[in-house]
Amino acid sequence: MVNEEVLGKYLLANGMSINLPIRAQKFSFGQSNPTFLILDANNKKFVVRKKPDGELISKTAHAVEREYRIIKALGENTSVPVPKVYLLCEDSSVIGTPFYVMEFLDGRIFIDPDLEGVDKNMKIKYWEEMIRVLSLLHSIDYKKVGLEGFGKPTGYYTRQCKSLLRVHDGQAASVSTKTGKAVGPLPRFYDLTRWLEKTYCPDETTIVHGDYKHDNIVFHKTEPRIIGILDWELSTIGNPRADLSNLVQYMQIPKIERMSTVMNPDPAFRASLENKIITPESEGIPDEEFMVKSYCSATNKKYPLEGWVYSRVFSLYRNAVIAHGIAARFARGQASSAFAGITGSKGPLTVMRAINMADTISEVPNTENQSGTKSKL
């Protein structure tokens with residue numbers, strides 16, 4: 001938690017229109033940067049997003065300063081829907097780590113991609129809106145909105161692979177506070193890394209959100225209209241395929257895996273889902289082909305999209321590292337979400353899903369020995 005008295009006084013002293021005292025309530029969903037709903041004495045709402053407490057595994061992860069910068073740039077210079085940001089505090093003495101304050105968006109966030117509660121005939125409108133807004137984001141000239149230098153303009157996937165490899169290895173060395181054992185590397189992670197380094201994907205340059213997906217989006221309460229995109233922690237300048245592949249990949253995950261392990265670990269609940277996979281027929285949402293074609297049409301790109309399978313493999317690779325990071329933070333006692341232990345265990349399965357997809361282009365050689373250790377990169 002945060003020191004409500006100290007935070008309240010800081011916000012008031014730095015121009016926030018609030019009435020003391022404030023109350024802070026931690027959002028339970030979300031795995032990375034701790035996020036709090038702030039209510040003042042009149043129940044006026046704000047949101048505080050901060051870096052995790054304690055020593056961080058990666059010096060570049062959890063960059064709330066970067067989040068603040070890009071949200072502010074987009075909010076002030078474009079029609080991309082983002083929450084208004086009010087202030088950035090880089091002084092760790094206030095609530096323990098740097099943080100920023102943003103507008104509370106009173107809307108609708110869908111935790112599951114089947115958009116529970118939406119009429120089956122309306123679901124496609126919500127997915128079309130996600131494509132429309134993503135296309136809008138990718139059309140922005142980052143230099144004209146003050147984001148020059150926010151990321152290197154070329155070699156996105158190469159840079160990401162190198163960065164994720166470093167992050168993964170740091171996470172693997174993390175030691176559990178309970179068992180005293182290291183988390184260890186993901187099975188066949190190094191094989192998949194080599195495949196990504198050697199396989200071609202066309203290079204393009206746009207603003208990239210980094211984790212564009214249904215549950216990082218706030219919709220209007222009743223309309224298929226996005227009122228805000230959240231969680232810009234991984235944003236950079238890079239290849240737009242990364243955002244599109246991240247968005248559509250959740251359609252391919254069995255519902256029992258998505259819902260039961262992330263949101264409800266109860267065995268009876270898991271059994272009730274019958275391991276079904278999201279399909280247009282069963283859920284009323286578009287398939288991957290529709291989504292990619294819609295994006296290509298909106299961005300004047302040729303379909304089939306060159307490098308698409310590569311980008312899908314990379315998204316799974318990155319998600320495996322994210323799950324591995326959650327496992328590492330859980331082991332160190334730093335995890336933000338109540339479901340961190342369960343979510344963090346999904347890394348090995350995600351790597352294997354990526355390898356199976358990569359094999360459709362070219363085989364991923366297995367260089368791990370029988371004990372599961374890596375060969376040197």
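Taking full-length UniProt numbering, the leading residue of the sequence shown gets 1, the next gets one more, and so forth.
Glycine residues also receive a C-beta, built at the ideal position from the N, C-alpha and C atoms.
Because the structure is a prediction, the values reported are computed rather than measured.
Within 8 Å, strictly: CB atoms of residue i and residue j
i: Ser235; j: Ala331; result: no
i: Ile229; j: His138; result: no
i: Ala242; j: Phe290; result: no
i: Ile326; j: Gly307; result: no
i: Gln171; j: His62; result: no
i: Val145; j: Ala73; result: yes
i: Val64; j: Phe99; result: yes
i: Ile111; j: Phe29; result: yes
i: Glu158; j: Thr205; result: Reading off the sequence shown, one finds Thr at residue 158, where the question assumed Glu. Cβ distance not < 8 Å, so Thr158 and Thr205 don't count as in contact.
i: Ile285; j: Leu7; result: no
i: Thr360; j: Val309; result: yes
i: Glu5; j: Arg23; result: no
i: Asp215; j: Met251; result: no
i: Pro187; j: Pro348; result: yes
i: Ser362; j: Thr193; result: no
i: Ile18; j: Lys45; result: no
i: Val133; j: Ile226; result: yes
i: Gly107; j: Val218; result: yes
i: Gln249; j: Arg329; result: no
Closest Cα partner of residue i within the set the options
i: His220; options: Phe104, Thr360 and Tyr100; result: Phe104
i: Glu129; options: Thr78, Ser294 and Thr367; result: Ser294
i: Ser245; options: Phe29, Ser362, Tyr317 and Gln171; result: Tyr317
i: Pro52; options: Ser28, Glu76, Thr97 and Ile342; result: Thr97
i: Met102; options: Glu76, Gly184 and Tyr68; result: Tyr68
i: Ser135; options: Ser311, Ser297, Met357 and Gln334; result: Ser297
i: Thr50; options: Lys44, Ser93 and Gly75; result: Residue 50 is actually Lys in this sequence, not Thr. That would be Ser93, whose Cα lies nearest to the Cα of Lys50.
i: Gln160; options: Arg353, Ala328, Val321 and Val364; result: Val321
i: Lys301; options: Tyr156, Ile355, Pro202 and Asn366; result: Pro202
i: Asn121; options: Gly180, Pro224, Phe189 and Tyr200; result: Pro224
i: Glu148; options: Trp127, Ile70, Arg132 and Asp211; result: Ile70
i: Cys89; options: Tyr190, Met16 and Thr179; result: Met16
i: Leu87; options: Leu164, His209, Pro240 and Ala13; result: Ala13
i: Glu233; options: Ala358, His209, Lys213 and Pro240; result: His209
i: residue 380; options: Lys213, Tyr190 and Asp211; result: An answer regarding residue 380 cannot be provided, because it is not within the stretch 1 to 377 covered by the chain.
i: Asn356; options: Lys143, Lys125 and Trp195; result: Trp195
i: Tyr212; options: Lys84, Asp169, Ile38 and Ile131; result: Ile131
i: Val82; options: Asp231, Ile342 and Pro240; result: Asp231
i: Tyr142; options: Leu305, Pro240, Ala358 and Ile342; result: Pro240
i: Asn319; options: Thr299, Ala358 and Leu164; result: Leu164
i: Ala358; options: Glu197, Lys346 and Thr299; result: Glu197
Cβ-based burial, residue i [other Cβ within 10 Å; buried from 16]
i: Phe36; result: buried
i: Met1; result: exposed
i: Leu20; result: exposed
i: Asn33; result: buried
i: Thr367; result: exposed
i: Phe27; result: exposed
i: Tyr303; result: exposed
i: Glu283; result: buried
i: Phe269; result: Legend: pLDDT at Phe269 = 45, less than 50; position of this residue unreliable, value from coordinates given subsequently. Per the 10 Å Cβ criterion, exposed.
i: Asp91; result: exposed
i: Gln334; result: buried
i: Ser272; result: Confidence at Ser272 is low in this model, with a pLDDT of 48, below 50, so its placement is unreliable and no value can be given for it.
i: Ser260; result: With a pLDDT of 40 at Ser260, under the threshold of 50, the modelled position of this residue cannot be trusted; read the value that follows with caution. Flag for Ser260 reads buried.
i: Asp119; result: exposed
i: Lys162; result: exposed
i: Lys123; result: buried
i: Lys178; result: exposed
i: Lys181; result: exposed
i: Glu274; result: Reliability of the predicted coordinates at Glu274 is poor, the pLDDT of 49 falling under 50, and no value is obtained from them.
Cutoff 8 Å: residue i Cβ touching any chain C Cβ
i: Phe99; result: The structure shown contains no chain C; it is built from a single protein chain.
Whole-number beta carbon distance between residue j and residue i, since they are thought to touch under 8 Å
i: Ser174; j: Val183; result: 5 Å
i: Thr222; j: Ile140; result: About 28 Å separates the two Cβ atoms, so there is no contact after all.
i: Gly151; j: Gly75; result: Between Gly75 and Gly151 the Cβ distance is about 19 Å, and since that is not below 8 Å, they are no contact.
query = Which ranges would you report for the alpha helix (DSSP H) in the segment 207 to 253 if only whole runs of at least 4 residues count?
reply = 241 to 248
request  = Kindly provide the ranges of any alpha helix (DSSP H) runs that are 4 or more residues long and lie completely inside the segment 150 to 202, ordered along the chain.
outcome  = 156 to 172 and 189 to 198
query = Can you give, in chain order, each stretch of the beta strand (DSSP E) that sits fully within the segment 87 to 137 and has at least 3 residues?
reply = 99 to 103
ask   = Curious, which full-length beta strand (DSSP E) runs of at least 3 residues does the segment 15 to 85 contain?
value = 23 to 26, 35 to 39 and 45 to 50
request  = Could I get the ranges of all uninterrupted alpha helix (DSSP H) runs contained in the segment 273 to 359, with 4 residues as the minimum, in chain order?
outcome  = 280 to 283, 288 to 299, 308 to 332, 340 to 344 and 347 to 358
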